[in-house]
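Shown next, in structure tokens, is the structure this report addresses.
Numbering (this note's numbering), first residue to last: 1 to 205.
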């Protein structure tokens, strides 16, 4: 991903927090130079100094059989906003788009053992809706086993993390303030979120 120096995340932990917040991501692989993608919820955790991504495919998804031994890319991105040139000081400036994105590259390993799949599902439920875990645990074992036979659990050890926050860092303090004010007035939640991210940046000197 092209990342100018002023658009980099401050540190790795900031990127991890972003992935955990916007955890519904896109996993991309390539087969015979043709890109293939699936949209999945991911658990993002740190283990032994490494970033680990965990999720599962539907077993019928052909991509599930394509990730073993291959380099994979998982794209985390969510809030974005159109930036009108009406916020700028010069008439010759043009529109752009503000956004945040993290690209995580790594190798995937299938979690073939039944117990690991059980643990992943429990971990997933606890992460996204802890209150449902009791209901899941009370379901008949036969039913849960049948459900688990329809999925392929996996984890990815990240070996390259690329994180970008394009938040008008190259604009003047006045223009940044104009953009924040405009986005805060919007009825769109994603635009409000971009305004918040911009407000959290270190003030431009």
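Note that beta-carbon positions come from the ideal geometry of N, C-alpha and C, so glycine has one too.
A Cβ-Cβ distance of about 7 Å is found for the pair residue 77 and residue 22, placing them in contact under the 8 Å criterion. Close CB contacts of residue 108 within its chain, under the 8 Å cut and outside five residues either way in sequence, are with 67, 68, 70, 72, 154, 155 and 156 (chain order).
Contact between residue 173 and residue 183 is absent: CB atoms are separated by about 16 Å, not below the 8 Å threshold. When 181, 151 and 163 are compared, the shortest CA-CA separation from residue 6 is found for 163.
Between the alpha carbons of residue 62 and residue 105 lies a gap of roughly 20 Å. When DSSP reads this structure, residue 41 sits in a beta bridge with 24. Judged by their CB atoms, residue 79 and residue 193 are nearer to each other than the 7 Å cut-off.
Under a 10 Å Cβ-count criterion, residue 176 is classified as buried, with 16 or more other Cβ atoms of the shown protein chains found around its own Cβ.
Contact between residue 102 and residue 37 is absent: CB atoms are separated by about 16 Å, not below the 8 Å threshold.
Ranked by Cα distance from residue 46, the first of 130, 85, 151 and 19 is 19. Nearest neighbour of residue 25 by Cα position, chosen from 4, 53 and 1, turns out to be 53. Taken atom to atom, the span from the alpha-carbon of residue 152 to that of residue 85 is near 47 Å. For the segment 150 to 187, the full-length alpha helix (DSSP H) segments reaching 4 residues or more read 173 to 184 along the chain. Annotation for residue 146: the continuous alpha helix (DSSP H) segment containing it runs 141 to 148.
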